[in-house]
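J.: What follows is a structure written as structure tokens; I'll ask about it next.
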Amino acid sequence: MSKFYDEAIKKLDYDERPLCYLKYSLLTFVCRRGYRPGILIATNKRVFFYELNLGFWHTESFLYEDISSIEEMEGIMRKSIVMNVNGEVVKICNIMSGNVQRFMAIAKDNIKVGKGRG
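The opening position of the sequence shown corresponds to residue 17 in the working numbering, with each subsequent residue numbered one higher.
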């Protein structure tokens, strides 16, 4: 595991288990184009983002019951994931490492379970 991953899991809830993670870089434009490193974690409760943004750590998460769809996209060089969350499209590009197929299977299984609760 990486130091980045170790820092990210410290931000999870006490009853939350990380099941799979992917490392990615997010293209941003703040004064100039640049990439921000990040990690995407599928847990037993949600999809959790942890990234470094202009020297500060930023987290964002989406409960499975709020995700209506999640798809894997194949780019020329790298894979990406597109989610529909409460009517908003969330796209994670430049996935650099991790088992995308396993991540997708875990997320899709949990989305089905989350929809069954509502």
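We put the beta carbon where it would ideally sit given N, CA and C, even for glycine.
Using the C-alpha atoms, what's the distance from R62 back to G85?
T.: As written in the sequence, residue 85 is Ser, which differs from the Gly given in the question. Looking at the two C-alpha atoms, the distance is approximately 13 angstroms.
J.: In the DSSP assignment, the alpha helix (DSSP H) including K135 goes from what residue to what residue?
T.: Outside the displayed range of the chain (17 to 134) lies residue 135, so it cannot be described from this structure.
J.: Using 10 angstroms around the beta-carbon of N115, count the other beta-carbons present and answer buried if the total reaches 16, otherwise exposed.
T.: N115 is exposed by the Cβ-count criterion.
J.: Which residue comes first and which comes last in the beta strand (DSSP E) that contains I111?
T.: Run containing I111: 104-113, per the beta strand (DSSP E) assignment.
J.: Using 10 angstroms around the beta-carbon of I127, count the other beta-carbons present and answer buried if the total reaches 16, otherwise exposed.
T.: Buried, since its Cβ has 16 or more Cβ neighbours within 10 Å.
J.: Which residues in the same chain as F64 place their Cβ atom closer than 6 angstroms to its Cβ, once the five residues preceding and following it in sequence are excluded?
T.: Closer than 6 angstroms at Cβ, skipping near neighbours: I57, S77.
J.: Who pairs with L38 in a beta bridge, going by DSSP?
T.: Its beta-bridge partners are L56.
J.: From M120 to E104, what distance separates their C-alpha atoms?
T.: Taking the straight line joining both Cα atoms gives about 19 angstroms.
J.: Considering Cα atoms alone, identify which of Y21, E81, K27, M89 is closest to Q117.
T.: Of the candidates Y21, E81, K27, M89, the one whose C-alpha sits nearest the C-alpha of Q117 is M89.
J.: Considering I86, what are the terminal residues of the beta strand (DSSP E) in which it resides?
T.: Per DSSP, I86 belongs to the beta strand (DSSP E) from 83-90.
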